[in-house]
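Protein chains in written order, with the numbering used here: chain A, 1445 to 1808; chain B, 1445 to 1808; chain C, 1445 to 1808; chain D, 1445 to 1808.
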């Protein structure tokens, strides 16, 4: 442990304790004291510098996504290695690191088969702020740390890499799973933070025309900066307009980045035969496949879903994109709050007000 | 044209005419006289030797799949080249050939992108017995013949290769599109002719456990011969039983070879996270995605659909499998009828009676 | 045929004749009169507007690549449809088109297997200016025109699309065949026109660091504009420098765009275990694999070679990249000559003088 | 630790000691006493039941492959878990397990990128009997045991699974890396144990014609049992004969399973344009690429090399193939020796006498 950091904390909290944003019941969550976690075998404790709020966190505090009472929320963070558990090799306390929202073990059958986000079972790669305490705290325990601690190059700030942990890795994966070819036409439905990253991902993979759809003109403006060549207001006519824009041909890849029946259906409706619907949306309620848009199953259509890829190798490659100045996610970080004000940050983020996209929560 | 064949026909029919199985209205179809087609540019006329009836043909005569009045039905055939249109190279009249049910042009954008079954537009590769006269006739016009006439090796009989044209190419493609890895566990829902070929395809691609599901014990027996290591009667418990059989792990690839909500849903329910649902079913009515089995879109699940791959290169490779004795589809050809008795063959095939699987229609 | 064009020609040449750059023997070639070709079945005659000289053409006139006496040289062109042969559909005389240097039929076994550049046999897709008369002429016969005439959108000039026909399609394919992942580090050996397009292709596919190597500082400057993040002078130390730059890790993908033992060997030496050497070079003499750099065959290294992909679908997608302003190849077109001055253009291109990269030959 | 096993050993050896086959210098190796290893963090000690000798081991004892003095040789084994280090989860002492010859950590960048055989660096996945003590001993320390201990199902004997650890995983991977399509024609050069498994692998992936080449008629007989449809004696005419057999077309995939200039060159010479040379050979000395067979780099040829894939997920799938009776490797286990007689086993294996293919070394 780094004694000077401990000292600083000691002024505010009992030794060995920290502040964390803890969920208790729908609508009931907030900053409270919790014991600083200790690193077990193959684990690390990271002193958090920067974290953020994800759409999923909003579902959690509203009780729409169930987590256990007393859980610390949050799955995105940069920080400093505070403690290394037994078995950890090649790292040292004090190094600046980030970890993906998904923290695969790398050693179970799912991981060895390449399905790292499904580590150990369905959605098993997502542990932070889901099945174990998360990142909206002064310290966070990182499981399977050997596979997940990614060193941040000195040249990059925390702000520059924070969003790679989840929304960029997810959004880019929508483009990657869609197998975009050079010059393909791509439509991206919804331009929230993940959709915007999907737009950017489509550009990074070499799409030509990228059609971004959203009901919010402000988000469409950012979409244009992120690579959209056409921006369309969401609405009942949007599928028809895309059909017209592509001269009836349809798009090669349609990305669904929201998780509603409407966007899923539109994505399917604008797809050319043989095309791919790449979904990173989280669906609830029900999902129907419109058979006319699906060619009754005879149009060689593929529907692929992807959960945010994690692991330190992924994170390293994404940081390389920032370092080589191929991407700049800073337009997405619209607001900054201190950890103690996180309740206000949740309020703002949940309201979609003030042009908010992502909020940096400064912890230390 | 081969004069001796023309001569033979002349005894029965006016010169230049042939017998064909023509659709007029739901329930109204049968053998009648029609002009022998003439080969236009890039086309060929094949004198049919053997054809068969497909499940789709049953939908057509029942009016469940719309085709234009006066169409000759059928899309599977072996025969002899009778006439070659201008521009055809490397073939000669009298050669014995087969063509896939799907006859891509090879030269449009869809074909050049590898989406040959979607040649020229949705489902565009399926022309025979759909948008142009089909194979249940003494002569059939083959479009884009340069890409579709596959020479039958002398060592193989018509009976040995007939089923490659559609059901084997389709069933095998279910296994291929599912990206089965060596040693994977595969479940195949429905063991009709296509499902049986999917079972065989899973074996050909190196699956270990192959779980075949069907309500018909006779079909399950054939499934076991085709490579199924476990056969299960269809029923409400089948998904649970497969979960148990795989010790809760689920299957790597689930093949849907029917096109119903029930089989689609079961296929999804038995899939492991990260698995692939490979569908060759034809759906009607509606299709719902059960979100629990879909992990709300977060389980890295892929749903891929495939329409029968055609083209002479595909057909050559499939014939090689027969020639090298890796596959033997003869157990599927359960009955033989003459062309003039095709109405009886339709009756039998539609009734699922007498253990019928596929019926060879002998034309010449 | 377009009468007005014929008329114009008639002023200069006997009716039905044109000027063409014809090869006779090593060092012996030049503009002469030739009959305007006539479009046979499935063919088209294109009145050439713009063509160019390729490195291969230099090999041809020097006798280093054998072609038959009397051949018209050249395989890159834009132009106007002058005549359409029987069987051509969906085109009309007067349309502005381009064709890839490779003109696959789409209908042979190689094409149907996706190996279109090997149409009909080894290198069989390359016919123009190789086995049939080429594009350095006022008119050129396009074989398999249905698969190869790509309409040029009105918004694009001939100059903007000319280089897509060969060097861009080839250079980009080096990046595509290398299976570059998002954030990968790529080294590109040699920055001639194809190597520069490979650099651009690596950028288009989402590489982070792109290391361009060439002995010519001017080409390295252009490489930097095309996406190279590091440029290195070729030399004996270059492999070591790349190893150092990547902190000993090596590059994920090494592209060889020249065809010499030295560049091939360097490409292999800088590759990480598990990496891919993607080659678009043309080798002569001999090629040795240094076993230390190859891990004696145990390093999971892949060596892939790619011949320029052709076909109108490929060309359409590449034109879309220009239209959506993702690429601009104009810096490569350094000089313009009229067809009658093509000998001078060859001299300049062969000398590598005046910063020449590619020369536009204006024909009409 | 299992006390009863310790006790048994205690009769023969000082407590905590075991017998192991140790290398000292070229030609100098043999059974001696060594301390039983202790399981560190994330490691396990396995009491060996069955091990075998690999061609690489012969290279080691001859000094052709350098290892450090005092190393225990061997990388293939089945056994009983004897001790589990800290951090191991889900296993218990006494379970019967096997591990692949390659033991990846699953957590380094190479592993997370899917290049598990290159774990931590070139060839880094191969540790057992290479960089750490190996399996020809009574006990062996398994590194990264969480990723590498594969439970053997009760239904399978040690003899049934032993060869999966290396030669089957390697041989099959030759077929997998070659991307064999259904009905492809495959040639396999050399029918040693790995080549025979490559032949079997080609069959498992759905090849039609499989042409096996070897100078040994006995091995060709086994090749025929393993799926070869044609067997050819190695010799100067073999490439020409394969060209004839394939009617000049060439093979789709050529597998090189030896590592000599001759077999590599033949593999390249019989390949069709667009085909893949899949190599699992270990080359020494030099390797030249014959440019005529390589199309000067223009034939869209791919050369892929693969080092034995390891990890428990791979091993589980391979065991499933045995359990579902799709493969039976028992014909390859031609001889059995006790550990104390291992010198004789090396002599026999090195001499290629008595029809030896693989020798089971019974340890406990």
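Beta carbons are placed, not taken as given, at the ideal position from N, Cα and C, and that holds for glycine.
Fewer than three beta-carbon pairs drawn from the segment 1793 to 1802 of chain C and the segment 1762 to 1772 of chain D are found closer than 8 Å, and the two stretches are therefore not classed as touching. Under a 10 Å Cβ-count criterion, residue 1472/B is classified as exposed, with fewer than 16 other Cβ atoms of the shown protein chains found around its own Cβ.
Residue 1692/B is classed as exposed because its beta carbon has fewer than 16 other beta carbons within 10 Å across all chains shown. Contact between residue 1671/C and residue 1654/C holds: their C-beta atoms lie close to 5 Å from each other, under 8 Å.
Between residue 1546/B and residue 1754/B, the beta carbon gap of about 3 Å places them in contact (Cβ cut-off 8 Å). Rounded to whole angstroms, the Cβ separation of residue 1699/C and residue 1728/C is 19 Å, and the two are not in contact under 8 Å. In the assembly as shown, residue 1536/C is an exposed residue. Its beta-carbon has fewer than 16 other beta-carbons within 10 Å.
The C-alpha of residue 1468/B lies about 14 Å from the C-alpha of residue 1477/B. Within a 10 Å sphere around the beta-carbon of residue 1512/D sit fewer than 16 other beta-carbons, which makes this residue exposed. For residue 1705/D, the uninterrupted alpha helix (DSSP H) segment begins and ends at 1705 to 1713. Annotation note: the segment 1605 to 1676 of chain D contains the following uninterrupted beta strand (DSSP E) runs of length 3 or greater, listed N- to C-terminal: 1630 to 1633, 1654 to 1658. Secondary structure remark: continuous beta strand (DSSP E) runs of at least 3 residues inside the segment 1459 to 1500 of chain B, in chain order: 1461 to 1469, 1472 to 1479, 1488 to 1496. For chain C, the residues of the segment 1525 to 1556 of chain B that bring a beta carbon within less than 7 Å of one of its beta carbons are 1530, 1531, 1550, 1551, 1553, 1555, 1556, in chain order. For the pair residue 1648/C and residue 1650/A, the CB atoms are nearer than the 8 Å cut-off. DSSP places residue 1519/B in the coil class of the three-state scheme, outside both helix and strand. Annotated three-state conformation of residue 1793/C is helix, per DSSP.
Separation of the CB atoms of residue 1626/C and residue 1461/A is rounded to 40 Å, and the pair is thereby denied contact status at 8 Å.
By the Cβ neighbour-count rule, residue 1519/A is buried, with 16 or more other Cβ atoms within 10 Å of its own.
Boundaries for residue 1688/A: no beta strand (DSSP E) harbours it, while the alpha helix (DSSP H) harbouring it runs 1682 to 1689, taken from the DSSP string. In this structure residue 1717/B is buried. Its beta-carbon is surrounded by 16 or more other beta-carbon atoms within 10 angstroms. Any Cβ of chain A closer than 8 Å to the Cβ of residue 1743/C would place that residue at the interface, and such an atom is absent. Secondary structure note for residue 1766/B: its alpha helix (DSSP H) is the uninterrupted segment 1756 to 1767. In terms of beta-carbon proximity, residue 1730/B lines the interface with chain A, with at least one pair separated by less than 8 Å. Around the beta carbon of residue 1677/D, fewer than 16 other beta carbons lie within 10 angstroms, which makes this residue exposed. Taking CB atoms only, residue 1562/D has a neighbour in chain C less than 8 Å away. In the pairwise beta carbon analysis, the segment 1738 to 1756 of chain B is classified as touching the segment 1581 to 1593 of chain B: at least three pairs are separated by under 8 Å.
Counting the other CB atoms within 10 Å of its CB gives residue 1526/A a total of 16 or more, which places it among the buried residues. Shown here, residue 1510/C sits in coil according to DSSP, grouped into three states, outside any helix or strand.
Annotation for residue 1553/C: no beta strand (DSSP E) segment contains it, though the alpha helix (DSSP H) segment containing it runs 1553 to 1556. Taking every protein chain shown into account, the CB of residue 1506/D has fewer than 16 other CB atoms within 10 angstroms, so this residue is exposed. With fewer than 16 other Cβ atoms inside 10 Å of its own Cβ, residue 1599/B counts as exposed. Residue 1548/D counts as buried, since no fewer than 16 other beta carbons sit within 10 angstroms of its beta carbon. Between residue 1745/D and residue 1749/C, the C-beta spacing is below 8 Å.
DSSP links residue 1536/C through a beta bridge to no other residue. Taking 8 Å as the CB threshold, residue 1727/C lines the interface with chain D. If you compare the alpha carbons of 1585/D, 1739/D, 1725/D with that of residue 1522/D, the shortest gap goes to 1585/D.
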